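Each protein sequence line maps, in turn, to chains A and B. So the working numbering is basically just the index in the first sequence, starting at one, shifted up by 891. So the working numbering is basically just the index in the second sequence, starting at one, shifted up by 1229. Cβ coordinates follow ideal geometry from the N, Cα and C atoms, glycine included. Predicted model, so just to flag it, every value in this text is computed and none were measured.
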Amino acid sequence: MTGNPPRLTSDGAACCWIPLFPLRCETARQPELASLPVALVGPDDTRRVWQVSPLARHAGVKPGMTVSQAIGLCPALKLCEPDPVHYDAQFSRLLAALGQVSPVIEPAELGRAYVGTDGLEGIYGGPEKIVEGIKCGMRNAECGIEAGSSLAHSAFRVGWGRGKFVSWVAATRARPGEAVIVRPGDERRFLSAQPLAALPLDADTHRRLRQLGIRTLGALAALPEEAVVSQFGRAGRRLWRLAAGRITEPVVGRVAPEPIVAALTFFSPVAGRELLELALDHLIARALKDPRRSGWRVQVIRARAELEQGASWLAEATLKDPSVERERLLAPLKTQLERSPPAGAVERLVVEFTAFAAGTTELQLFARDAQAAARAGRRRALRTAAQEIKLRLKRSLLYHIIEVQPWSRLPERRYALIDFDT
Amino acid sequence: MRNKTDRLRALNAPHRVAVELDANGQPSGMRDAGCEMRRVEALGEVWRIDEEWWRVPIVRRYREVIVEGGGRMVLFEDLMTGEWFAQKPT
């Protein structure tokens, strides 16, 4: 179990996107919300607004506002508590429906998933037929998201293109219920007219690019690649290549994970945070002992709780450095528990390991996860930083200190600096 | 293409300094290139090394000193050339 698990990939991609997915799940459950200005409060911060319906947006409510600001702007605003377990279940249905169309499905976020389209021509025909096949596959799954909707009025948008980025940008340009198809060879032309916001930019980079007078992907791609790299480093290179249509990021199918689940039903509902932390710790320990976990480190951990009065709570964490150490797995869940505790007393608590990374021989034999992972993490971080410096400044300014003649009586002969090779 | 030894840089390489001596031949002041003369406030340990007499002999007399302001450093006189150098104390 030391090798990487096999992966399904596809360069051809169809991005399926339902904007405001959680909000649509709520309006599907409570159709009367459709005619009201609605906002969902954040699952991480219940003092702030997370998603906003078009009517609420029209009244000036924006995501990220505090609840009091939002109500001040729109007194008729209907606030909804988030139900992440429900949204997750609905999204899983959507993914399962897409899985009927193609074996290569990559979820990106709630409401957005990529479908690998390589090889589907033989089944469906050209891109239009493939898109039609995706839409047909979606019809049933979407009933739970858009009650009573027909596909003509659906919020479901499809972008078709080569690589995930092109297909995502195409999906953002599609009208509700429709598709935008970017044919092979047309990528650069299509991308060049798109606004800068289509790129995965942080606010600072976006601001800097706009200050440089760059408004479209075409304008960015017209700059010399090295100039962009010298300003924005490694991230700049990726942005430039995305804008120029030089990167084709394939859709990577999910290797069907076999989640390891440990659950605990309380005799009487529990509201105390310390007790919940203790229960999470206990469940993590139990799940780690599962023999299927052997040889694998945990990458994604999820805790969900069933609350009194039918509500739910969900916390999920993706570990940068996969681990099998209890404390490291517990820490992000504890943080989320502190930041956004369940809205009520917990009746049942479940811990799931949903994604794994192959463990190294060393980890399996000696179980030195904590130290080995920490060392590896530090080395990796240092290597990345050194590469970034070298890329920007064209030379390495980081050095190792090495022993040359530590026994020498001449101090200058004992140690030396050597370039930090990356 | 540089090889690995080309990329080595000595750590704590000595640098040349100008040294004023008192009547006893002990350092009473020192000046780094481009800096002002600093008074030596205290003298510490003294030691001598004789190395590589079979090749190019290296003969140095070291003196640990405290300069004005409290800085501690090591000065040595190259007894083959009469030049003075400073190094960080180890």
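Check	Outcome
Just list the residues that DSSP pairs F1305 (chain B) with in beta bridges.	B:Y1291, B:F1314
So what does E978 (chain A) bridge to, in DSSP terms?	Inspection of the sequence shows that residue 978 (chain A) is occupied by Tyr rather than by Glu. DSSP output for Y978 (chain A) lists no bridge partner at all.
Could you tell me whether the stretch 1046-1059 of chain A touches the stretch 1067-1078 of chain A, using the rule of 3 or more Cβ pairs below 8 angstroms?	yes
Using a beta-carbon distance below 8 angstroms, is R1284 (chain B) in contact with chain A?	no
Could you pull out every residue in the same chain whose Cβ sits closer than 7 angstroms to the Cβ of L924 (chain A), ignoring the five residues on either side in sequence?	E917, T918, K969
So which of A:R1183, A:D902, A:A930 has the shortest CA-CA distance to A967 (chain A)?	A:A930
Report yes or no: do three or more beta-carbon pairs, one from the stretch 1201-1218 of chain A and one from the stretch 1131-1150 of chain A, lie closer than 8 angstroms?	no
Taking 8 angstroms as the CB-CB cut-off, is E1294 (chain A) touching chain B?	no
Quick check on DSSP: helix, strand or coil for L968 (chain A)?	coil
Would A1062 (chain A) and C906 (chain A) qualify as a contact pair, given that the criterion is a beta-carbon distance under 8 angstroms?	yes
For D1093 (chain A), is the classification buried or exposed, using 16 other Cβ atoms within 10 angstroms of its Cβ as the cut-off for buried?	exposed
Suppose contacts are defined by Cβ-Cβ distances below 8 angstroms. Is S1203 (chain A) in contact with D974 (chain A) by that definition?	yes
Taking the alpha helix (DSSP H) that A1135 (chain A) falls in, what are its first and last residues?	No alpha helix (DSSP H) holds A1135 (chain A); DSSP gives it neither H nor E.
From the DSSP output, which residues share a beta bridge with A930 (chain A)?	A:V943, A:L970
Round the Cβ separation of R1188 (chain A) and E1243 (chain A) to the nearest angstrom and send it over; I've been treating them as touching at under 8 angstroms.	Not quite, the Cβ-Cβ distance comes to about 15 angstroms (not below 8 angstroms), so this is no contact.
I need the straight-line Cα distance from S944 (chain A) to P928 (chain A), nearest angstrom please.	6 angstroms
Apply the 10 Å Cβ neighbour rule to Q1296 (chain A) and answer buried if 16 or more other Cβ atoms are within range, or exposed otherwise.	exposed
Which partner residues does F1244 (chain A) have in the DSSP bridge list?	A:I1151, A:I1192
Our contact map puts S1058 (chain A) next to Y1015 (chain A) with C-beta atoms below 8 angstroms; I'd like the distance itself, whole angstroms only.	Their Cβ separation, rounded to whole angstroms, is 16 angstroms, which puts S1058 (chain A) and Y1015 (chain A) out of contact at 8 angstroms.
When you compare the CB of P975 (chain A) with every CB in chain B, is at least one pair closer than 8 angstroms?	no
Anything in the stretch 1244-1255 of chain B with a Cβ closer than 9 angstroms to a Cβ of chain A? List those residues in chain order, please.	none
How would you label G1024 (chain A), buried or exposed, when you count the other beta carbons within 10 angstroms and need 16 or more for buried?	buried
Are the beta-carbon atoms belonging to R1230 (chain A) and A1154 (chain A) less than 8 angstroms from one another?	no
Taking the alpha-carbon positions, what's the E997 (chain A) to G1144 (chain A) distance?	5 angstroms
Once the 5 residues before and after L1103 (chain A) are set aside, which same chain residues still bring their CB inside 8 angstroms of it?	none
According to DSSP, which residues form a beta bridge with W1204 (chain A)?	A:A1196
Distance, Cα to Cα, M956 (chain A) vs T1319 (chain B)?	58 angstroms
Can you give me the Cβ contacts of Y978 (chain A) inside the same chain, cut-off strictly under 7 angstroms, excluding the 5 residues immediately before and after it?	F912, P913, C916, L1001
Could you tell me whether any Cβ in chain B is nearer than 8 angstroms to the Cβ of I1309 (chain A)?	yes
Quick one: Cα of R1301 (chain B) to Cα of V1285 (chain B), how far?	30 angstroms
Any beta carbon from chain A within less than 8 angstroms of I1295 (chain B)'s own beta carbon?	no
Give the residues from the stretch 1000-1015 of chain A that approach chain B closer than 9 angstroms (Cβ to any Cβ), ordered along the chain.	none
Listing by chain order, which chain A residues have their CB less than 8 angstroms from the CB of T1310 (chain B)?	The premise fails here: T1310 (chain B) is roughly 15 angstroms from chain A at the closest Cβ pair, so nothing lies under 8 angstroms.
Give a yes or no on whether the minimum CB-CB distance between L1237 (chain B) and chain A is below 8 angstroms.	yes
Following the continuous alpha helix (DSSP H) through S1058 (chain A), name the residue where it begins and the one where it ends.	1055-1064
Under the three-state reduction of DSSP, which class applies to I1293 (chain A): helix, strand or coil?	strand
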